[in-house]
Amino acid sequence: MESGRLETSASLKLEGGRSWLRDIHDSSALLGAILAVVHPTLYAAGCQCLGLIQQDPELREMALNWSSPFNALQVIANRETPFHRDSKTRYTFYDLLATLGNYTCAWLKFPTMRVAIDYSPGTVIAFCGKAIRHGVTRADGERLVYAYFMREGVQNRLGIPAPHWMQASYYASHIGMCTVHHRRDIMPKTDGDENTMQGMETVDGSFIGGIKLAEVMAKSQGVVITDGSIWLADLEVGGDGGEMCSVEKLRNKSRLVVDLDDEVEFVTKVAKQTTRGVRYVDVPLPMPTGSNMPSPSKSPSKAPASGSLFNLDDGDVLGNIGVPIQLDPAAQKTKTQNDFMRDWIPHRDDYLHAIVEMEAPPEPRNCAECKVGEGRWRCLDCMGRPLTCTDCCRNGHQRAPFHRIEHWQGQYFEPASLYWVGVCIHLGHGGDPCPLGAFTAHNNPAPVVAPGSDFWNASNEDLNAHDGEVSDDGEVPFNFAPLAGTLDGEARQTDDAPDPTWEEDVPPVLSRPPRRDSYGNWIIVIVDISGVHHIGVDWCQCEMAVECDMQLLQMGLYPGTVKDPHTAFTFAVLDDFLLENKECKTAALNYYSKLKWVTSNAFPGTIPDRYRELMRVSRQWRQLKYRKWHGFSHDALRPVEKGGLAIFCPACPQPGLNLPFDWQADPVQWKFKHGFVMDGNFSAEHMKMKHPEEDVALSNGQAFMVGQEDYKAHLAVAMESHQRSTCHEHRAVNQANVDRANLDATGIGATACTRHGFFVPHTVVDFQKGERQMNMDYSLSNALLTLTGITLVLVMYDIMCQYGVHVRKRFRHSAYLRMPFELKIDQGIGLFHVHGHQDCCFQWFSPNFIVGAGMVDGEVIETLGMTRAHRQEVLDDHMNDSNWKKTTRMVLTLMTKWKRVLLGFPRSKESFEALSASTDEEVLEAWQKEYDDAMEARQNDPKIMDTFDVQLRKAPGKDLTQLRLAGEESAKGLEKGTAGWLSTGLKIQEAQLKLANDIRKAGQNPSVAEDLKTLERHQHLEVSILTFQRRSEKFMGRLEDVPAMEDCDDGAL
1 MESGRLETSA SLKLEGGRSW LRDIHDSSAL LGAILAVVHP TLYAAGCQCL GLIQQDPELR
61 EMALNWSSPF NALQVIANRE TPFHRDSKTR YTFYDLLATL GNYTCAWLKF PTMRVAIDYS
121 PGTVIAFCGK AIRHGVTRAD GERLVYAYFM REGVQNRLGI PAPHWMQASY YASHIGMCTV
181 HHRRDIMPKT DGDENTMQGM ETVDGSFIGG IKLAEVMAKS QGVVITDGSI WLADLEVGGD
241 GGEMCSVEKL RNKSRLVVDL DDEVEFVTKV AKQTTRGVRY VDVPLPMPTG SNMPSPSKSP
301 SKAPASGSLF NLDDGDVLGN IGVPIQLDPA AQKTKTQNDF MRDWIPHRDD YLHAIVEMEA
361 PPEPRNCAEC KVGEGRWRCL DCMGRPLTCT DCCRNGHQRA PFHRIEHWQG QYFEPASLYW
421 VGVCIHLGHG GDPCPLGAFT AHNNPAPVVA PGSDFWNASN EDLNAHDGEV SDDGEVPFNF
481 APLAGTLDGE ARQTDDAPDP TWEEDVPPVL SRPPRRDSYG NWIIVIVDIS GVHHIGVDWC
541 QCEMAVECDM QLLQMGLYPG TVKDPHTAFT FAVLDDFLLE NKECKTAALN YYSKLKWVTS
601 NAFPGTIPDR YRELMRVSRQ WRQLKYRKWH GFSHDALRPV EKGGLAIFCP ACPQPGLNLP
661 FDWQADPVQW KFKHGFVMDG NFSAEHMKMK HPEEDVALSN GQAFMVGQED YKAHLAVAME
721 SHQRSTCHEH RAVNQANVDR ANLDATGIGA TACTRHGFFV PHTVVDFQKG ERQMNMDYSL
781 SNALLTLTGI TLVLVMYDIM CQYGVHVRKR FRHSAYLRMP FELKIDQGIG LFHVHGHQDC
841 CFQWFSPNFI VGAGMVDGEV IETLGMTRAH RQEVLDDHMN DSNWKKTTRM VLTLMTKWKR
901 VLLGFPRSKE SFEALSASTD EEVLEAWQKE YDDAMEARQN DPKIMDTFDV QLRKAPGKDL
961 TQLRLAGEES AKGLEKGTAG WLSTGLKIQE AQLKLANDIR KAGQNPSVAE DLKTLERHQH
1021 LEVSILTFQR RSEKFMGRLE DVPAMEDCDD GAL
């Protein structure tokens, strides 16, 4: 009570909560009586706590209805409770759980102690919930749990001492106990008397003899965990106690399994003074004498994380008679990242030693799989890095051919490749060898050895003929790929050596690979997330076998070319690259460079260069995924319409999709107004190509970028405007005709929906000379085509004051622009840009004055070396990804905005009604008429919106005020020079403030020159102040001439 106050929880302040509390009054008292038996000191502390709470006038009424010795109650409705420790109670306190429901199978588990208890409906269990980790298995029906517990904070606020651990001697003296031989697996049984319990074992081997359970007052099935002792009682709920007493008696018995070798952690908090204030540290609690419990651990497990299914935060507690507020922040358990780092530093050398130990194989070097062969191969990707023999390594990696392995050389592990041990990829039969393939022909293949033996010579006989040779599929062999030219004439940039060199001193795994493996399979290059691999491929040789590229696809490998592929990419690496490109903006060059460094961080220049192939197949892969997602895989003949591979906003009004059937009959049509925002981006430039006719487009106009043919045709006939800005000098207007000879696109323009920021499909256009109106006209035209039946639209653009003047005239001039005749367009400027315009643009174009605009800012929108088609596909992909992420977050976003409306609308309505009530009726009618006239005529004449212009008058400046005061000196009989004297005083104050600010900036160690300058400014200020004070007698008189405060009446003051 001294450090804070208590209050009733929010759930019990409502009448529903109070009524619920009255309904469970008898049940709470009945269950509370159990605590009087199993932990009488805690029961007494709870009653003392309740008595003190009843003395609080604000809590007395609620406390009189609270019949439990516990001060908090949580109702949990779930089917499964994860393992956790309760965080709001104390280690020595008992929690009491009562479970109800219609389920038939559930177990309460204590994993640290390896105890499992039958948790059938009607079970009541008491145990130390903070000290012992516990959880409930998934039930096969509905389950409800009443969890009574003591909040440690409430006890501390009231100054009630915390009870210590319960002793086994208490149960021995009050219930009667005798020692029996220890049994780890017991099944309690009754002797026919329903009120008698027989054969109950504890952790320390104690035995609970037959007792009459009527002495316990409450009859239920329960377990009590004390200072290391566990006892289990099979009791019956009796009496009429409300909801929790309606469960029939359960006759099934609980099975108790105990392992005495596990630890249970018991700690407490102790305040410790540090340089950063008071911190609370964990200190182990002493265990009772004679207990068989092991020593407690020094670091208790964490409480359940926020958001888990079981979390005793204040907001989850339905019944809580005392909630402590104004908590001391220092008492809360917090641990910063720096604390974790300090904990790690003492273990740094141990970690390093453990890592270094892994660089040598275990002794003896037996195979981890067969236990017979010599372990020579270690896999870096298998869990535990097992050491295996050649046969086991080969057999274990037939389905994992992209793992990285190492080979023990006698003194160290060297990098190796899986084809050394005979791993190859079998195609055409789901991963099994082809009956006619090369692998099957080698029924008993010779052991495969590391490079350096005749293994190389046997499969590399025509190696020299391979140098400089171009394969049939058009790919350049990997050793010449970096010098094979550039993509469409664009410069290649790489940090690696231009040509993979095969030195004699490089590791064998990086030596030139053979053409074939030991089975005669061709070795190809496969690119995976784990790096670049060489591995043999066992092609299917059956009569009905499909082509090689299809065989690779069936195994999840994307072929580098259609014919005779020598390179393949895993589906995983293609997905990973596209994801990194979208999320991390990683270019293909950088991504493949990363894969080369992953493969070899010492000799990346020896890794085959497949950058060009990655560029090509990633485009194909992206196209295939989009066609699959939009349903074209089952209807290949259906043409893809404009924007057919793009995601559009699911929340904007769209007839037939998210509007009611009779939406057009609704008299309030502004609710269905669609909004678009347009903007340009001058960083998405594109250089001119040497051979644009060779460019191959995969999705021309099928996503967000517009189709090039119609767009170029529109530009050829569009009416070009050379106007200068009559408003603010925006780059979009004044630099609209700026040309850059080396670029064929100086940027892009796009249209999105105003409320949710979704890019509109088939509206993104390229700029040629800047952000010209003809470019944005084509974007707007395609956006308006999405309005099927909607006649009200808001279009926002940061230069709408210039763009919207002749927009309809330009649309009529071009045969490639469409605007529905009945469409009513409200023009607007985003709130960020509108304040950079002339003052009149604010009331003309601000969305604050547009009906149906909502609370939007209108600023939702704000790749140089690719081919034009590739650039278009990448931009489409990023915009589609943006739309998809907004789609997945749409529900949460709208819910957040709706909650904001529920809070803000009543306040706005209250302010509006207060303003209306304080205004004359005639004025209100005049305002309403001006408003209606402005809304009706604003589309044709934006100047009518001047009615919303707020007339502001700036306050006069200091010089103007001094001039006015000087003119009033004679009129008011003031001493000449009064205004000038006051101005001098203000200047002195300004000089003082500036000097103080400069001294703070100089810091505690200024230079000698700075000290000298500061001293001179001090002296100058002292002279000015003395002069000002001497002149004050002329204008204010002497101080003794001023009347005392007590001599002045109210009029004088």
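Note that the UniProt record's numbering gives residue 403 to position 403 of the sequence shown, counting from 1, and the numbers run on in steps of one.
Note that CB positions come from ideal geometry on N, CA and C, so glycine has one too.
- DSSP, reduced to helix, strand and coil, places cysteine 542 outside both helices and strands of the structure shown, so it counts as coil.
- For the 8 Å CB-CB criterion, threonine 99 and valine 145 form a contact.
- Between methionine 150 and threonine 104 the beta-carbon gap is near 32 Å, outside 8 Å, which marks them as no contact.
- In terms of Cα proximity to phenylalanine 811, the closest of Leu787, Tyr778 and Cys801 is Tyr778.
- Within the segment 953 to 981, the complete alpha helix (DSSP H) segments at least 4 residues long are 958 to 971, listed from N- to C-terminus.
- DSSP links glutamate 359 through a beta bridge to no other residue.
- Methionine 341: member of the alpha helix (DSSP H) spanning 337 to 344, first to last residue.
- Taking each of Pro565, His1018, Tyr816 and Gly17 in turn and checking the Cα distance to leucine 715, the smallest one comes out for Tyr816.
- Nearest to proline 40 by alpha-carbon distance, out of Arg60, Arg638 and Thr92, is Thr92.
- Counting only unbroken stretches of 4 or more residues, the alpha helix (DSSP H) elements lying wholly within the segment 790 to 852 are 800 to 803, 807 to 813, 831 to 834 and 839 to 845, in sequence order.
- In this structure, leucine 380 and arginine 157 do not form a Cβ contact; the two beta carbons are roughly 56 Å apart against a cut-off of 8 Å.
- Sorting Leu785, Asp946 and Tyr797 by C-alpha distance to the C-alpha of glutamine 654 places Leu785 at the top.
- Going by C-alpha positions, serine 983 is about 11 Å away from phenylalanine 1028.
- Judged by DSSP in its simplified three-state form, glycine 747 adopts strand.
- In chain order, Met719 place their CB closer than 6 Å to the CB of histidine 813, counting only its own chain and leaving out the 5 sequence neighbours on each side.
- Here glycine 789 has Pro655 as same chain residues with Cβ atoms under 6 Å from its own Cβ, once five neighbours each way along the sequence are excluded.
- Around the beta carbon of serine 970, fewer than 16 other beta carbons lie within 10 angstroms, which makes this residue exposed.
- DSSP places tryptophan 165 outside both helix and strand once states are collapsed to three, so it counts as coil.
- Counting C-beta atoms within 10 angstroms of its own C-beta, aspartate 140 has fewer than 16 neighbours from the protein chains shown and is therefore classed as exposed.
- Tryptophan 670 and arginine 755 have their C-alpha atoms roughly 14 Å apart.
- A check of alpha carbon separations from glutamate 142 across Phe127, Ile76, Leu96 and Ile117 identifies Ile76 as the nearest.
- Under the three-state reduction of DSSP output, lysine 371 falls in the coil class, being neither helix nor strand.
- Counting C-beta pairs with one atom in each stretch, the segment 584 to 597 and the segment 559 to 570 have fewer than three that are closer than 8 Å, which means they do not touch.
- A straight-line Cα-Cα distance of about 57 Å links threonine 123 and glutamate 374.
- Of the candidates Asp432, Leu578 and Gly428, Gly428 places its Cα closest to the Cα of aspartate 549.
- In this structure, the CA atom of tryptophan 107 is about 53 Å from the CA atom of glutamine 620.
- Pairing lysine 642 with glycine 707 gives a Cβ-Cβ distance under 8 Å.
- In chain order, Lys824, Ile825, Asp826 and Gln827 place their CB closer than 8 Å to the CB of glutamine 939, counting only its own chain and leaving out the 5 sequence neighbours on each side.
- If the five residues before and after tyrosine 119 are omitted, its C-beta is found closer than 7 Å to the C-beta atoms of Thr99, Ala106, Trp107, Leu108 and Val136, all from its own chain and listed in chain order.
- With distances taken between CA atoms, aspartate 959 lies nearest to Gly980 out of Pro942, Lys976 and Gly980.
- If you keep only unbroken beta strand (DSSP E) runs of at least 3 residues inside the UniProt domain "2OGFeDO JBP1/TET oxygenase" (24 to 151), you get 72 to 77, 81 to 84, 95 to 101, 107 to 110, 115 to 118, 124 to 127, 134 to 136 and 143 to 149.
- Shortest Cα-Cα distance from methionine 819 to any of Val805, Asn782, Pro362 and Val537 involves Asn782.
- Inter-residue distance for tyrosine 931 and valine 805 is about 23 Å (C-alpha atoms, whole angstroms).
- In the DSSP secondary-structure assignment, valine 764 is bridged to Met705.
- The shortest CA-to-CA distance from methionine 800 to any of Leu59, Leu993 and Ser846 is the one to Ser846.
- Between the alpha carbons of glycine 16 and glycine 757 lies a gap of roughly 43 Å.
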